[in-house]
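Student: Chains as they are written, first to last, in the numbering used here: chain A, 411 to 524; chain B, 3 to 116.
Sending over a structure as structure tokens; questions will come in a sec.
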Amino acid sequence: DSGVTQTPKHLITATGQRVTLRCSPRSGDLSVYWYQQSLDQGLQFLIQYYNGEERAKGNILERFSAQQFPDLHSELNLSSLELGDSALYFCASSDRDRGLYEQYFGPGTRLTVT
Amino acid sequence: QKEVEQDPGPLSVPEGAIVSLNCTYSNSAFQYFMWYRQYSRKGPELLMYTYSSGNKEDGRFTAQVDKSSKYISLFIRDSQPSDSATYLCAMTRRSNFGNEKLTFGTGTRLTIIP
Numbered sequence: 411d412s413g414v415t416q417t418p419k420h421l422i423t424a425t426g427q428r429v430t431l432r433c434s435p436r437s438g439d440l441s442v443y444w445y446q447q448s449l450d451q452g453l454q455f456l457i458q459y460y461n462g463e464e465r466a467k468g469n470i471l472e473r474f475s476a477q478q479f480p481d482l483h484s485e486l487n488l489s490s491l492e493l494g495d496s497a498l499y500f501c502a503s504s505d506r507d508r509g510l511y512e513q514y515f516g517p518g519t520r521l522t523v524t
Numbered sequence: 003q004k005e006v007e008q009d010p011g012p013l014s015v016p017e018g019a020i021v022s023l024n025c026t027y028s029n030s031a032f033q034y035f036m037w038y039r040q041y042s043r044k045g046p047e048l049l050m051y052t053y054s055s056g057n058k059e060d061g062r063f064t065a066q067v068d069k070s071s072k073y074i075s076l077f078i079r080d081s082q083p084s085d086s087a088t089y090l091c092a093m094t095r096r097s098n099f100g101n102e103k104l105t106f107g108t109g110t111r112l113t114i115i116p
């Protein structure tokens with residue numbers, strides 16, 4: 411158990427809908443990262459937050475957004491969902507000094523868009 | 003061309019064999035090199051990391067980095083059925099903006115045959 415929690419575990423929704431994925435980092439970790447894993451693209455970095463502030467963006471679509479709250483949990487919002495958004499979404503966390511090489515992943519949320 | 007290339011396998015070896023997993027990369031700025039293990043329907047689990055070139059050993063696992071060739075390896079000695087998983091290489095570099103995005107290979111699916 412990495413100490414990172416994600417809810418829900420599974421999510422099935424229809425095209426055009428909006429969903430929110432939630433992540434709670436390990437105790438004490440200030441950085442949160444979101445990744446998308448699909449069969450054809452592998453694991454892709456989406457976005458990073460550090461202590462509430464956006465730190466880096468990767469291949470994140472404009473339909474997707476995220477935020478990190480004062481209690482350090484983070485939410486990833488996916489809107490106008492398309493079939494191609496079906497994937498595993500992982501959250502990872504790290505402490506301030508080790509994010510370059512020690513990111514701990516949660517169990518993921520499996521999103522199915524029908 | 004992807005920044006990080008990894009043979010997807012699948013790779014099947016008998017129990018007790020030495021396993022060699024490899025990645026090549028194109029970005030010479032990468033400084034930190036990680037190996038993650040991912041069991042089916044689970045989040046990636048950090049196995050070990052290496053900074054710059056050289057070797058690092060942890061139990062049955064040895065990571066090697068050859069920056070001159072842009073080539074990294076993970077060796078598993080005395081392989082066990084519990085080592086059956088997908089192995090992902092990942093790498094990153096330090097930036098002035100605190101960007102800690104990991105770039106992953108697509109993963110190699112490994113099966114250890116009892």
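We put the CB at the ideal spot given by N, CA and C, even for glycine.
Just so you know, these numbers come straight off a predicted model, no measurement behind them.
Indicate whether at least one CB of chain A lies closer than 8 Å to the CB of G109 of chain B.
Tutor: Judged by the 8 Å Cβ criterion, G109 of chain B is in contact with chain A.
Student: Taking the beta strand (DSSP E) that N57 of chain B belongs to, which residues open and close that run?
Tutor: It spans 56 to 60 - the beta strand (DSSP E) in which N57 of chain B sits, taken as one unbroken run.
Student: Assign P116 of chain B to one of three DSSP states: helix, strand, or coil.
Tutor: Here P116 of chain B sits in coil by DSSP.
Student: Tell me whether the segment 416 to 432 of chain A and the segment 451 to 463 of chain A touch, counting them as touching only if at least three CB pairs, one residue from each stretch, are closer than 8 Å.
Tutor: In short, these stretches do not touch, since the Cβ pair count stays below three.
Student: If we count the other Cβ atoms within 10 Å of its Cβ and call it buried at 16 or more, is S81 of chain B buried or exposed?
Tutor: When all chains shown are included, S81 of chain B counts as buried.
Student: What's the call for D507 of chain A, buried or exposed, on a 16-neighbour Cβ count within 10 Å?
Tutor: So D507 of chain A counts as exposed.
Student: Please go through the same chain and pick out, in chain order, the residues whose beta-carbon is closer than 8 Å to the beta-carbon of Q447 of chain A, but skip the five residues on each side of it.
Tutor: Once the five neighbours on either side are set aside, the close Cβ partners of Q447 of chain A are L453, Q454, A497, L498, Y499, F500, G518.
Student: Give me the residue from A:A502, A:G509, A:G494 with the minimum Cα distance to T524 of chain A.
Tutor: Considering only alpha carbons, the answer is A:G494.
Student: What is the DSSP secondary structure of S84 of chain B, counted as helix, strand or coil?
Tutor: Helix at S84 of chain B.
Student: Please return the same chain residues whose Cβ sits closer than 7 Å to the Cβ of Q33 of chain B, not counting the five positions on each side in sequence.
Tutor: Same-chain partners within the cutoff: Y53, S54, R95, R96.
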